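Reviewing the structure listed below.
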Amino acid sequence: MGKLDRFASNRPRLLGLAYRMLGELAEAEDVLQDAYLRWERSDGVEVPEAWLTTVVTNLCLNRLTSARARREQYVGTWLPEPVAVLDGRLGPLETVEQRESLSLGMLVLLERLTPPERAAFVLREAFGHSHREVAGILDVEEAHARQLYHRARERVGEERTRFSASPEQRSRMLEVFLSAALRGDLATLEHMLAEDAVSWADGGGKAAAAARPVHGRVRVARLVSGLVHHPRHTGLDLVAGTINGEPGFLVRDGGTLIAAGVPEFGPDGLIVAIRTVTNPDKLTHVV
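Structure, rendered in structure tokens:
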């Protein structure tokens, strides 16, 4: 197998790794381009898959520091770039861990980790690498790799919410929520929201979005209904879709995609958070 074919066969897995590490598909694509150039110049690589995984991980670690500096200057709330994953370009989604590690909610939580913690968590949870393999990729002792992973799990676990319903059940619940939004049915919207529900919106200063998170069942319900029925939206189309492998919604105005969002369901089945991206630069990979 030639170098190009070898890289192509690993590409979905490597892109999935880079995206989970960075939360931005454009950045992940740049990492893979850099990795391929290094792969082209390499010689005598005994285990290409391991070599490529190490290179991509370390390129992502280098980029995370500058990425976080940029996000501190970001206008409003920064959210990960939503993507469609049905084409398999971000690697397998065969396990709960693989799917969960790709969700917007999890990617937001991963932002709280140090870069090495994030790498250890993603490599272990999403790709099933052993602690020894993670240690080799990060060039640390195995004991340190274990420590990084356990610290990451503890920090992520504190905020993690799990809803045991299937994606199909969540999709049906989302359809009810969207239907209520279109009708302006505040009572149903409030009934489906947790008392302490929060809505985050990422407009990046380029599209309309709440500058700060909106807290509370009543305020979030009114926000959702108000946005759907705003006078400036004359040809609004609000439909369910699949975003980052989980049920979400797409908003089009006059045929143009203007928003993509995902609700997060708590253990009791109520919506605890809604994350909506309206920044047009981040909507190119949703459909």
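Mapping to our numbering: the sequence shown position 140 is 120, numbers consecutive. Beta carbons are placed, not taken as given, at the ideal position from N, Cα and C, and that holds for glycine. Note that this is a predicted model, so its numbers are computed, not measured.
Under the three-state reduction of DSSP, SER179 is assigned to strand.
The criterion of a C-beta distance shorter than 8 Å is not satisfied by ARG152 and PHE245. In the DSSP assignment, HIS195 is bridged to VAL178.
In the DSSP assignment, ALA(-2) falls outside any beta strand (DSSP E) and lies within the alpha helix (DSSP H) extending over -17 to 2. Put simply, the region 181 to 200 does not touch the region 107 to 119. Fewer than three CB pairs are less than 8 Å apart. In chain order, LEU158, ALA161, LEU162, VAL208, PHE229, VAL231 place their CB closer than 7 Å to the CB of LEU218, counting only its own chain and leaving out the 5 sequence neighbours on each side.
LEU41 has its alpha-carbon roughly 19 Å from the corresponding atom of GLU122. For the region 79 to 159, the continuous alpha helix (DSSP H) assignments of 4+ residues that do not extend past its boundaries occur at 84 to 90, 95 to 105, 111 to 118, 122 to 137, in sequence order. If you look at ALA240, you'll find it in the beta strand (DSSP E) that goes 236 to 245.
Residue burial annotation: TYR54 is exposed, with fewer than 16 other C-beta atoms found within 10 angstroms of its C-beta. Each residue's CA atom was taken as its position, placing ALA49 and LEU128 some 22 Å apart. Within the DSSP secondary-structure output, ASP14 pairs in no beta bridge. Between PRO(-8) and GLY85 the beta-carbon gap is near 22 Å, outside 8 Å, which marks them as no contact. Straight through space, the alpha carbons of ASN(-10) and ILE251 are spaced by roughly 37 Å. Within the same chain, Cβ atoms closer than 6 Å to the Cβ of ASP14 are found at LEU39, the five residues on either side in sequence being excluded. Rounded to the nearest whole angstrom, the CA to CA distance from THR168 to VAL88 is 28 Å.
Judged by their CB atoms, ASN259 and ALA191 are not nearer to each other than the 8 Å cut-off. For LEU216, the enclosing beta strand (DSSP E) has its first and last residue at 216 to 223. Per DSSP, VAL65 has no beta-bridge partner at all. With respect to the C-alpha of GLY241, the residue from ARG(-14), LYS262, GLY234 having the closest C-alpha is LYS262. Collapsing the DSSP output to three states places GLY206 in a helix. By the beta-carbon neighbour count (other beta carbons within 10 angstroms, threshold 16), LEU(-16) is exposed. Secondary structure at THR256: strand, using DSSP grouped into helix, strand and coil.
Per the coordinates, the alpha-carbon of ASP233 lies some 50 Å from the alpha-carbon of VAL120.
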